[in-house]
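Student: Numbering (the working numbering), first residue to last: 1 to 288.
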Ligand code: SPD
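#1: Could you check if residue 23 belongs to the surroundings of the ligand SPD, using beta carbon to heavy atom distance under 7 angstroms?
#2: Does the ligand SPD have even one heavy atom less than 7 angstroms from the beta-carbon of residue 232?
#3: List the endpoints of the continuous alpha helix (DSSP H) containing residue 32.
#4: Assign residue 46 to one of three DSSP states: helix, strand, or coil.
#5: Beta-carbon within less than 6 angstroms of residue 266's beta-carbon, same chain only, minus the 5 sequence neighbours each way: which residues are those?
#6: With a CB to CB cut of under 8 angstroms and the five nearest residues on each side skipped, what residues in its chain are close to residue 190?
#7: How do the region 101-119 and the region 269-284 stand: do at least 3 beta-carbon pairs fall below 8 angstroms, yes or no?
#8: State the Cα-Cα distance for the pair residue 146 and residue 134, rounded to the nearest angstrom.
#9: Pick from 239, 180, 270: whose alpha carbon is nearest that of residue 253?
#10: Could you say which of 239, 118, 87 lies nearest to residue 192 if we only look at CA atoms?
#11: Hey, out of 203, 287, 260, 197, whose CA is closest to residue 20's CA?
#12: Say whether the region 220-240 touches the region 41-58, bearing in mind that this needs 3 or more beta-carbon pairs closer than 8 angstroms, one atom from each stretch.
#13: Under 7 angstroms from any heavy atom of the ligand SPD, does the C-beta of residue 133 make it?
#14: Just to check, is the beta-carbon of residue 111 closer than 7 angstroms to a non-hydrogen atom of the ligand SPD?
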């Protein structure tokens with residue numbers, strides 16, 4: 001959610017400006033265009049390699065993406081009863097799909113990304129983020145509306161649903177409301193786990209609180225996990241996991257965890273425990 005009153009860009013810096021603070025990287029823009037949905041920008045930065053912004057907001061960068069993608073994927077993929085069928089809504093850079101497909105139990109992954117230019121430029125400029133996902137036979141890409149996909153999908157057709165969208169403005173706005181969450185619950189199989197990025201507890205405190213509260217109402221069980229994505233507003237981020245039959249996302253399956261943890265930079269069962277426990281005191285009180 002970038003400010004409407006942006007200052008002129010500083011030469012040599014690319015900034016997301018939000019609520020009176022600039023979150024910037026030294027670098028240069030290497031591609032920029034307006035898709036039918038948003039302004040898509042690819043940059044080359046000094047510190048974190050190539051990166052992607054949508055409507056002036058940071059999405060990912062080559063040497064920072066693991067903070068985000070490992071956190072949104074492994075609590076869900078290690079917590080669900082089964083993981084054969086996975087749905088990723090958004091996630092056009094491929095990082096979430098890449099982490100999901102590291103789990104050998106996944107046999108079919110649908111990714112529904114609304115913006116074909118995000119996919120095309122991620123494949124072209126940020127190939128390391130999607131890694132092998134684009135050619136994995138288990139991976140099925142649809143360029144289309146993830147909200148409509150969730151509304152039309154067969155009841156109980158996915159073991160895991162992950163929403164890797166941008167902030168709740170523009171094309172991602174409908175990824176934070178009750179009707180959408182209810183469809184995500186409906187299409188989950190028994191023992192399934194839902195995951196979504198749930199914004200910053202500092203920079204987007206109210207959106208964060210509203211998202212966790214709504215997920216608790218819709219699913220019965222939902223808990224936020226806290227970590228860091230240094231280029232995002234405040235650097236302090238959250239992902240929220242939800243399920244119907246108890247908070248199964250809190251307890252990683254040891255075999256699945258062992259199979260992926262060695263290849264992770266951030267995630268491990270121990271990190272996950274701490275990250276769920278790291279709920280800020282005032283957020284815990286506000287959530288009741
Ligand atoms: N404010 C940034 C929120 C971005 C969430 N999605 C990032 C995409 C990474 N795959």
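Quick reminder that beta carbons are idealized off the backbone N, C-alpha and C, glycines included. Source: prediction; values computed, not measured.
Tutor: So, to answer that:
#1: Proximity of the beta carbon of residue 23 to the ligand SPD is not indicated: no heavy atom of the ligand is located closer than 7 angstroms.
#2: Residue side-chain check: residue 232 places its Cβ nearer than 7 angstroms to a non-hydrogen atom of the ligand SPD.
#3: Segment 21-34 is the beta strand (DSSP E) holding residue 32; no alpha helix (DSSP H) there.
#4: Note: residue 46 maps to coil in three-state DSSP.
#5: 66, 67, 70.
#6: If the five residues before and after residue 190 are omitted, its C-beta is found closer than 8 angstroms to the C-beta atoms of 81, 156, 244, 245, all from its own chain and listed in chain order.
#7: Result no; under three Cβ-Cβ pairs closer than 8 angstroms.
#8: The alpha-carbon atoms of residue 146 and residue 134 are separated by roughly 18 angstroms.
#9: Of 239, 180, 270, the residue nearest in Cα terms is 270.
#10: Ranked by Cα distance from residue 192, the options 239, 118, 87 are led by 87.
#11: The option with the nearest alpha carbon to residue 20 is 203.
#12: The answer is yes - the region 41-58 touches the region 220-240, with three or more Cβ pairs under 8 angstroms.
#13: Every heavy atom of the ligand SPD is 7 angstroms or more from the Cβ of residue 133, so no.
#14: Because no heavy atom of the ligand SPD lies under 7 angstroms away, the Cβ of residue 111 does not count as near it: no.
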